[in-house]
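See structure below.
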Amino acid sequence: NAGVTQTPKFRVLKTGQSMTLLCAQDMNHEYMYWYRQDPGMGLRLIHYSVGEGTTAKGEVPDGYNVSRLKKQNFLLGLESAAPSQTSVYFCASSPRGGNTEAFFGQGTRLTVV
Amino acid sequence: AQSVTQLGSHVSVSEGALVLLRCNYSSSVPPYLFWYVQYPNQGLQLLLKYTSAATLVKGINGFEAEFKKSETSFHLTKPSAHMSDAAEYFCAVRLNNNNDMRFGAGTRLTVKP
Numbered sequence: 040n041a042g043v044t045q046t047p048k049f050r051v052l053k054t055g056q057s058m059t060l061l062c063a064q065d066m067n068h069e070y071m072y073w074y075r076q077d078p079g080m081g082l083r084l085i086h087y088s089v090g091e092g093t094t095a096k097g098e099v100p101d102g103y104n105v106s107r108l109k110k111q112n113f114l115l116g117l118e119s120a121a122p123s124q125t126s127v128y129f130c131a132s133s134p135r136g137g138n139t140e141a142f143f144g145q146g147t148r149l150t151v152v
Numbered sequence: 105a106q107s108v109t110q111l112g113s114h115v116s117v118s119e120g121a122l123v124l125l126r127c128n129y130s131s132s133v134p135p136y137l138f139w140y141v142q143y144p145n146q147g148l149q150l151l152l153k154y155t156s157a158a159t160l161v162k163g164i165n166g167f168e169a170e171f172k173k174s175e176t177s178f179h180l181t182k183p184s185a186h187m188s189d190a191a192e193y194f195c196a197v198r199l200n201n202n203n204d205m206r207f208g209a210g211t212r213l214t215v216k217p
């Protein structure tokens, strides 16, 4: 049971570099989410998607872009990384909205130097 | 806008003592409410969720939470703490007509022997 898989698990970037984080889920869920976790701030929603081909902004979308070309994949892009984007990033998926729970990946620790 | 507040970023209890972690939401319409637990270097996993079927919700590992509309609260409790309960706990909300899930800042639980 893979569930939600994030790639890579760790990454160090230089300021100004770009990268893409990949999230894959094998549960046929409609909804997918990207969060960042910073000490004392909990999880903050970056972007989310309610279905293939759709995306929406969350609480902290600036500096990030996303795409959901396939139902099982949700990509998070950083076009020009900044030290403020140093964080642990979590992807999650849920069958739909409402009372359905979100299932989380193991996280990606990103450091921007 | 929906929001969730967790009172107390750190809670410390002795083994065998009552655990009480507080969560309040701000919404005129009762939202869907969730509690998640995060162990070190792991993703989040669901403890329990409120779905309006019952105000007292039982979850895994002996935890339960009570929804109180008059107090806009969904506090998490466990009668007797175990060492293995040491982790970070997050309250999350999703409004009926919203698709995203928002998290509180988290409460780190320490259990003393």
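Sequence lines, in order, name chains G and S. Going by our numbering, the first sequence runs without a break in its numbering and finishes at 152. Going by our numbering, the second sequence runs without a break in its numbering and finishes at 217. Glycine included, each C-beta is placed from N, C-alpha and C at the ideal position.
Open item on the list: Please confirm whether Y136 (chain S) has its beta-carbon closer than 7 Å to some beta-carbon of chain G.
Closed with: So yes, Y136 (chain S) belongs to the interface.
- [ ] Pull up the DSSP beta-bridge partners for Q142 (chain S), would you.
- [x] Looking at the DSSP assignment, Q142 (chain S) forms a beta bridge with S:L148, S:E192.
- [ ] May I have the straight-line CA-CA distance separating R50 (chain G) from G147 (chain S), to the nearest angstrom?
- [x] Rounded to the nearest whole angstrom, the CA to CA distance from R50 (chain G) to G147 (chain S) is 17 Å.
TODO: Closer than 6 Å by C-beta to D65 (chain G): which residues in its own chain qualify, once you throw out the five before and the five after it? Chain order, please.
DONE: Excluding sequence neighbours, D65 (chain G) sits near A41.
Open item on the list: Going by C-alpha to C-alpha distance, which of S:F178, S:D189, S:L150, S:E168 sits closest to T139 (chain G)?
Closed with: Nearest C-alpha to T139 (chain G): S:L150.
TODO: Starting from the beta carbon of G147 (chain S), find every residue of chain G whose beta carbon is closer than 7 Å, and list them in chain order.
DONE: Neighbours of G147 (chain S) in chain G, taken as residues whose beta carbon is under 7 Å from its own, are F129, F143, G144, Q145, G146 in chain order.
TODO: Measure the CB-CB distance between F143 (chain G) and F129 (chain G) and report whether it falls below 7 Å.
DONE: Going by C-beta atoms, F143 (chain G) is nearer than 7 Å to F129 (chain G).
TODO: Determine the extent of the beta strand (DSSP E) in which S118 (chain S) is found, giving its start and end residues.
DONE: Per DSSP, S118 (chain S) belongs to the beta strand (DSSP E) from 114-118.
TODO: Step through the CB atoms of chain G and report whether any lies within less than 7 Å of the CB of D204 (chain S).
DONE: The beta carbon of D204 (chain S) sits closer than 7 Å to some beta carbon of chain G.
Open item on the list: Could you check whether D204 (chain S) and L84 (chain G) sit closer than 7 Å to each other, using their CB atoms as the reference points?
Closed with: Yes. Within cutoff.
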